[in-house]
Structure formats: structure tokens, C-alpha cells
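In our numbering, the protein residues as written are 358 to 677. Beta carbons are placed, not taken as given, at the ideal position from N, Cα and C, and that holds for glycine. Predicted model only: the values in this text are computed from it and were never measured. Here's the structure, in C-alpha cells; my notes come after.
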Amino acid sequence: MTKFYSVIIFIFVFSLLKGQQKKIDSLFLKLNTAGTDTQKVNILNKLFNCFSSTDNDSAEKIVQKAYEISDRINYLSGKISSVSNLGTVYYYQGKYAQSLKSFLLSVSLIEEYDKVQKSDLFSKRILSSNNNNIGLIYQRQNLYDKAEAYFRKSIALDELIGDRKGLAHSYNNLGVIKANVNDNTKALENYAISLKYKIEINDSSSIPSTLINMGIIYMNQNKFEESAKNFLEALRYSTKINILQDQALALINLGDLYYLKKDFEKSIQYYEQGIEICKKQKYNQFLSYALESLSLSYYKLKNYKMAYEFFRRHIEVKDT
């Protein structure tokens, strides 16, 4: 049984919208009455934020439309945002090559933007997010030196513009790098910095990710009580504000925790809850792992029929 993925954070250019349904209705009304294509692109990119954590299919359709319009009218800043958001969609679908291609394209568009218009807050902020997100893909490929270099580029930009939210995300991701090379002391140090920034700015939507990461370290150290406390707190936060990625990850990690404690029936309960979210949202990289883990739990209970069935499903998702 290997440890589960730590939560690595994509940085979005726009803030997560609250009071979602009311905001969504208002934005669709504005979209229908928008007088220019430029306005439509800006509204679509805001709508992407409303759906990115709860409905990956809708988020993809919205941002594809934003990209098509911005490309047709050569609206550079709208195209930059759309391409970056597409990279995020592809990442959560497990399409890493397409995701990396999108982020690199966005970086090149920013260079073009800075030639036309002097580098400003918008370009620095989105360049920082792209550096972070490129680092994440290299992290997935186990290219840790490359990943850390991009995270530190992101941190330098965030310090320059005073973006504490960006700093919180990048320090979280540095913590993941250190955890991956078994430097748990440095990992916890970076997570603590990340959590400090998140609490300072009341970024409740991203607090669960760092709690999960700290829980993973404690779990791998067999500190099960501390681990469970972090996972359950992350689940409480993410459920309250409906952040489905973190709900799924908290549930699957709780499954891991009870697997390690040899309470296989309870581990199955948590895996199944996490799998339902992953299936609906097409979080394929997480779904593949959870299906394999569920198979192992059934195997430990000597239910070989169910173990085989879920391992077969794991292979199908992994191949996809």
C-alpha cells in the first residue's frame, strides 16, 4: 500500500466566488445581455470559477467557449486567462500533456502581452499561477528539481506583488516536493507557512488541502490520531463550502488511514464515498488510485470477487 497523492494546488487567476447560485444566475444574465465579445469572454472566465470545483464538464464547456471567442477577436488578456483555465481542466482530467501545453502557451501569450502593454499586475499574477501549475505537472512526473524551480519562480513573483494567497499555494506545493523526497521536517515547515497565510487571509476554500497534506505525513509516521484529526477537519471545511476535489481526497485518505489500521470495512466505506465524487467529476487520477485501494481492501477481507472487479475498473481508468 503506497501513500496517496498529497494535495497540490492549482492557482486560479480569479477569486473563488461565494454565494454561488446567486452569482451564477447574475453572470448568465450579464452574459445574455453583453454588448461586446470582450465582455462575454470576461464573464465566461468568471463563470469558469463558479463551476471549476463542482462541475468539471460545465467548466470545460464554458472555458472552451471563452477561448474560441477570445481567439477569434484576438483579445489577448481573455485568451491568456482562458488557456490557463483550460490547463486546469485538463489537469484534473488527468490529461497532463494537454495541460502542460496549455500552460506553456499561456506563458508565451503573456510574453506577447508584455510587449504590447507594459508588465502589470494581471500579467505578473497569471505568470505566477502558470509557473506554479507547470511545477505541478513536473512534480507528477517526479521531476522534483524542475518542479521546485517553477514553484520558487512563483513565490518570487508573489512576494513582488504581495499576493499572500499565491504564496500560500506555492509553499503548500513546496511542502509536497519535500514530502516526496522524504524530507518530512521541511515538508511540515512549508505546510505551516502555507497554513499561516491561508488563515491570515481567511482562504477557507484552500485550507483543506494543507490539512490533508499534513495528515498524510502523520499517517506515514503511524501517528493515526493526528492524521485522522487533520483529514476530518479537511472534510468538514470542504463539505461546508462544497469543494469537491478536497472532499474526495479527504475521504480517500481516510480510507488509506483505516486500511493501515487494518479496519478494512471502514476503509471501504470511505473509499466508496470518494469514488462517487471522482466518477461524477472525472477526477481520473484520483479515481484510478481509489479503485485500486478499494480492491486491496476487499482482498484483505478475502472477498476475491469484489477485489478482482475493482482492480479491473482501476485498470480501465488507468488506461484511459
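- Sequence-distant Cβ neighbours of Ile634 in its own chain, meaning closer than 8 angstroms and more than five residues away, are Leu601, Gln604, Ala605, Leu608, Tyr640.
- Within the same chain, Leu608, Leu611, Gly612 come within 6 angstroms of Tyr627 by CB-CB distance, once the 5 residues on both sides are set aside.
- For Thr411, there is no enclosing alpha helix (DSSP H), as DSSP marks it with neither H nor E.
- Here Asp394 carries a helix assignment [DSSP, helix/strand/coil].
- A distance below 6 angstroms between beta-carbons, with the five flanking residues on each side excluded, links Thr395 to the following residues of its chain, in chain order: Tyr432.
- Here the C-alpha atom of Leu443 lies approximately 43 angstroms from the C-alpha atom of Lys659.
- Per the coordinates, the alpha-carbon of Ser415 lies some 34 angstroms from the alpha-carbon of Ile574.
- A straight line joining the alpha-carbon of Phe588 with that of Leu614 spans about 9 angstroms.
- Here Leu617 is not near Met571, since their CB atoms are 8 angstroms or more apart.
- DSSP places Tyr554 in the uninterrupted alpha helix (DSSP H) bounded by 541-557.
- Counting the other Cβ atoms within 10 Å of the Cβ of Asn530 gives 16 or more, which makes it buried.
- Distance from Asn487 to Ser463 at the Cβ level is roughly 5 angstroms; contact confirmed, criterion being Cβ atoms closer than 8 angstroms.
- Taking Leu545 as the centre and dropping the five residues before and after it, the same chain places the C-beta of Gly532, Met571, Ile574 closer than 8 angstroms to its C-beta, in chain order.
- Inter-residue distance for Tyr447 and Phe621 is about 33 angstroms (C-alpha atoms, whole angstroms).
- Nearest C-alpha to Leu457 among Leu493, Lys422, Phe643, Ser485: Leu493.
- DSSP places Asp382 within a helical segment (H, G or I) once states are collapsed to three.
- Contact check between the region 466-474 and the region 653-669: fewer than three CB pairs, one atom from each, fall below 8 angstroms, which does not count as touching.
- Under the rule that a run must span 4 or more residues, the alpha helix (DSSP H) segments found entirely inside the region 610-662 read 621-638, 641-657.
- Contact annotation: Asn489 and Ser459 have beta-carbon atoms that are not nearer than 8 angstroms.
- One thing to note: Tyr501 has its Cβ within 8 angstroms of the Cβ of Val538.
- Minimum Cα-Cα distance from Glu505 among the listed residues Cys407, Tyr528, Leu514 corresponds to Tyr528.
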